[in-house]
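Trainee: Input: one structure, supplied below.
Numbering (this note's numbering), first residue to last: 13 to 403.
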């Protein structure tokens, strides 16, 4: 017996099938331009090899300032504003990456720091090519070790910290401009057929406030506090949220995981109990472009195509979100909404800038064609229903 959404609309999955396929094909065409980046990863993360410009930034700018309100040296802040103005509307352009590479070469990093960035690039390539969880886990541990060494560089440390402050401030500004979420569920809204979980058996935990507002079809995001769960995403591509899924109702989440300590890697129905851990940050998002029944149809399509019992494995190749034979968590959410013509991959400028400061060129090159939970959080096509920390 299979758990599914049910609703009282006459339109069924069959009636939207052809339109969905056309929308997904259009999305593939839109995002195919990003895939020019992937072959460049074979050159160790320094493929562009652009010389420093005449605007090389002196070390003193990071010591004496002046600094902007986020903590960036003003000269760096001005350069970032130029990049954002010129290229943020066309991140698939090679010139966008070149502009960041030029800034990197103008920064007064030491030769030792630049060597660490080169090693990091090679490890990121290895991670993107990983065929199983053991290789991915070891590569991620090696990346963590290099990141800890980089954090000893005062310039690296200031850029990452200022990037976090600016990214959070931009997120708050966006939230103020977002449309409000639709009202809470009423008796006429779709409901789940009650069905016990077969994949897991978790002890019940304390109720959390967001359980009173979450609806079937909502996107749920969280930060991880488990050293294995969401390991790769948490270490590399999460500036805050490192996992996401779609709430099915009846205490079930449809998601894809890597290295979960509970087993069952890949695409599964999982218990909502996994999201109730005290101290974990949670965010509930709702598609503000489509109705709940439309989202439900798309989720039913995804459960049919990908299965709910591990039939579709986890996708370790983060840049390739177009594939269907393997999926990571935010890729699965992206596909569900792309089916409805809603592209949740925001390619937010400040998310990308922070990834660049943390992981240099290969990180940026991989994050542009990929889609992270933080990028879905930044999308203008979602409304924030609830956000906070579990008690």
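Glycine residues also receive a C-beta, built at the ideal position from the N, C-alpha and C atoms.
Does residue 23 come out as helix, strand or coil in the three-state DSSP assignment?
Mentor: Because the pLDDT at residue 23 is just 40, under 50, the model does not fix this residue reliably, and the point stays unresolved.
Trainee: Buried or exposed for residue 58, please, with buried defined as at least 16 other CB atoms from any protein chain shown within 10 angstroms of its CB.
Mentor: Because the pLDDT of residue 58 is 40, which lies under 50, any placement of that residue in the model is unreliable, and the question is left without a value.
Trainee: Can you pull the DSSP bridge partners for residue 399?
Mentor: Under DSSP, the beta-bridge partners assigned to residue 399 are 295.
Trainee: Using 8 Å as the threshold, is the stretch 157-168 in touch with the stretch 123-134, meaning 3 or more CB pairs across them?
Mentor: With the cut-off at 8 Å, the stretch 157-168 and the stretch 123-134 touch.
Trainee: Look at the alpha carbon of residue 371 and the alpha carbon of residue 316, and state the distance between them as a whole number of angstroms.
Mentor: Answer to the nearest angstrom: the Cα atoms are 37 Å apart.
Trainee: Excluding the 5 residues flanking residue 359 on each side, which residues of the same chain have their C-beta closer than 7 Å to its C-beta?
Mentor: 103, 380 and 387
Trainee: Relative to the C-alpha of residue 285, which candidate in 305, 262 and 302 has its C-alpha closest?
Mentor: 262
Trainee: So residue 258 is in the beta strand (DSSP E); what residue range does that whole segment cover?
Mentor: 255-261
Trainee: Roughly how many angstroms lie between the CA atoms of residue 404 and residue 182, to the nearest whole one?
Mentor: The question about residue 404 has no answer, for the chain in this structure spans 13 to 403.
Trainee: I need the straight-line Cα distance from residue 385 to residue 69, nearest angstrom please.
Mentor: 33 Å
Trainee: The beta strand (DSSP E) spanning residue 370 covers which residue range?
Mentor: Counting along the chain, residue 370 falls outside any beta strand (DSSP E), though it belongs to the alpha helix (DSSP H) covering 361-379.
Trainee: Can you grab the Cα-Cα spacing for the pair residue 101 / residue 364, in whole Å?
Mentor: 13 Å
Trainee: I'd like to check one pair, residue 120 with residue 71: are the Cβ atoms closer than 8 Å?
Mentor: yes
Trainee: Quick one: what's residue 232 bridged to in DSSP?
Mentor: Answer by DSSP bridge pairing, in chain order: 257 and 296.
Trainee: Along the chain, where does the beta strand (DSSP E) that runs through residue 264 open and close?
Mentor: 264-269
Trainee: In or out: residue 86 buried (at least 16 other Cβ within 10 Å) or exposed?
Mentor: exposed
Trainee: Residue 330 by DSSP, collapsed to three states: which one?
Mentor: coil
Trainee: In this structure, does DSSP put residue 383 in helix, strand or coil?
Mentor: coil
Trainee: Would DSSP call residue 251 helix, strand or coil?
Mentor: coil
Trainee: Which first and last residues belong to the beta strand (DSSP E) in which residue 278 is found?
Mentor: 278-283
Trainee: Put residue 339 into one of helix, strand or coil per three-state DSSP.
Mentor: strand
Trainee: Give the C-beta separation of residue 187 and residue 354 to the nearest angstrom, bearing in mind that I take them to be a contact with Cβ-Cβ under 8 Å.
Mentor: Going by Cβ atoms, the distance from residue 187 to residue 354 rounds to 19 Å, so no, they are not a contact pair.
Trainee: Given this structure, state the Cα-to-Cα distance separating residue 115 from residue 189, to the nearest angstrom.
Mentor: 31 Å
Trainee: From residue 249 to residue 76, what does the alpha carbon distance come to, in whole angstroms?
Mentor: Answer to the nearest angstrom: the Cα atoms are 31 Å apart.
Trainee: Just how far apart, CA to CA, sit residue 73 and residue 88?
Mentor: 9 Å
Trainee: Express the C-alpha separation of residue 108 and residue 382 in angstroms, rounding to a whole number.
Mentor: 16 Å
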